[in-house]
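Okay, so here's the structure we're looking at.
Residue numbers (our numbering): 17 to 332.
Structure follows, in structure tokens:
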């Protein structure tokens, strides 16, 4: 039996993946979930066969806990979610002790969790990103730019900032930020499937129509040839086998990638709901199964609206 370890259990991303794994494979897989909270505070635990409370992924104690779980639970697939999980997973992927485990990470994945590294890399493969701030350039003090921490997720720490405030930052603080032009809407997430072994790639786009407390509750799903070309370039250069997502907005010259994720997102569940089940396809692809049935051409070509509502769970 396949035994899947899913990190970041408390995230919407993990819940989406767990839901699709259960829907597509039922009890044919054993699902092990980890999170920093106890099971009754983690909705994904309802879909798990086993649950482990672990230290934060940036805590030195996390590594020992993860190694123990992977060994004791006889894990065959590890799906890290958080950046620190992805970086540690890349190390484990290179060890003989875990050579039998399909770990959804690599040295390149770990390198690209740094947003400046990702920005440089994207430009290097011909994918446009927002124009970067040049401290030595000519600027008006009131001009606004967009700053984000080099490491982070979920929009934490991102902000608009004036040139005057940027110039007031110390060198160390500025070095910890990626500062780019302020882009215009719409804000779109691209769910990308790519199999580097065959060169097959498909992408479906989600325009955020409504966002509440950072969560997209209404989205328009559509196909865009330019963004699918971006997805193919990224997939080929990344050696992608499975699914990731990235965000785009309109910058100088057209679509620009504002954030690259080395995983899918919570909103990917909306893409799956529209019939483009990229989450099941990713697992099928990585385990040698037929994945084409999860990515029907009809769903990929449709322009539809998907809405979300909250759902309540009694955890005990």
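The beta-carbon is built from N, C-alpha and C at its ideal position, and this holds for glycine as well.
- With at least 16 other beta carbons inside 10 angstroms of its own, residue 96 counts as buried.
- Rounded to whole angstroms, the gap between the alpha carbons of residue 78 and residue 196 is 34 Å.
- Within its own chain, the residues whose Cβ lies closer than 7 Å to the Cβ of residue 126, once the five positions on either side in sequence are excluded, are 102, 103 and 106, listed in chain order.
- Counting along the chain, residue 287 sits inside no beta strand (DSSP E); it lies in the alpha helix (DSSP H) bounded by residues 284 to 289.
- Within the DSSP secondary-structure output, residue 79 pairs in no beta bridge.
- Exclusion of the five residues before and after residue 277 leaves 260, 261 and 262 as the residues of its chain whose Cβ lies within less than 7 Å of its Cβ.
- In this structure, the alpha-carbon of residue 88 lies about 52 Å from that of residue 184.
- With a threshold of 16 other beta carbon atoms within 10 Å, residue 297 meets it and is buried.
- Your pair residue 64 and residue 47 checks out as a contact, with CB atoms roughly 5 Å apart and the cut at 8 Å.
- In the three-state reduction of the DSSP assignment, residue 235 falls in the strand class.
- In the structure shown, residue 60 falls within a helical segment according to DSSP collapsed to helix, strand and coil.
- Excluding residues up to 5 positions away in sequence, 249 lie with their Cβ nearer than 8 Å to the Cβ of residue 142 in the same chain.
- Taking a 10 Å sphere around the C-beta of residue 43, we find fewer than 16 other C-beta atoms and assign the residue as exposed.
- Taking 8 Å as the upper bound for CB-CB distance, residue 165 and residue 274 are not in contact here, some 14 Å apart.
- Of the other Cβ atoms in all chains shown, 16 or more fall within 10 Å of the Cβ of residue 68; this residue is therefore buried.
- In the displayed model, residue 279 falls within coil according to three-state DSSP, outside both helix and strand.
- With a cutoff of 8 Å on beta-carbon distance, residue 117 and residue 91 are scored as near each other.
- No Cβ-Cβ contact shorter than 8 Å links residue 223 with residue 241.
- Excluding sequence positions up to five before and after residue 20, its CB lies within less than 6 Å of the CB of 45, 47 and 93, all in the same chain and listed in chain order.
- The beta carbons of residue 36 and residue 221 sit no closer together than 8 Å.
- Contact check for residue 177 against residue 163 passes: the beta carbons are separated by less than 8 Å.
- Considered as a whole, the region 149 to 217 harbours 160 to 165, 175 to 178, 193 to 197 and 200 to 211 as its complete beta strand (DSSP E) runs of no fewer than 3 residues, in chain order.
- For residue 94, the uninterrupted beta strand (DSSP E) run begins and ends at 93 to 95, by DSSP.
- In this structure residue 59 touches residue 31 by the C-beta definition: roughly 6 Å separates them, less than 8 Å.
- Among the bridge pairs identified by DSSP, residue 69 is matched with 51.
- The beta carbon of residue 253 is closer than 7 Å to those of 141 in its chain, skipping five residues each way along the sequence.
- Residue 325 sits exposed, since fewer than 16 C-beta atoms from the chains shown fall within 10 Å of its C-beta.
- Here residue 270 has 144 as same chain residues with Cβ atoms under 7 Å from its own Cβ, once five neighbours each way along the sequence are excluded.
- Only exposed fits residue 72, as fewer than 16 other CB atoms lie within 10 angstroms of its CB.
- CA-to-CA, the gap between residue 18 and residue 303 works out to about 9 Å.
- The bridge partners DSSP lists for residue 262 are 206 and 276.
- Residue 290 places its beta carbon 8 Å or farther from that of residue 330.
- Note that the C-beta distance between residue 208 and residue 251 is below 8 Å.
- The continuous alpha helix (DSSP H) containing residue 242 extends over residues 241 to 254.
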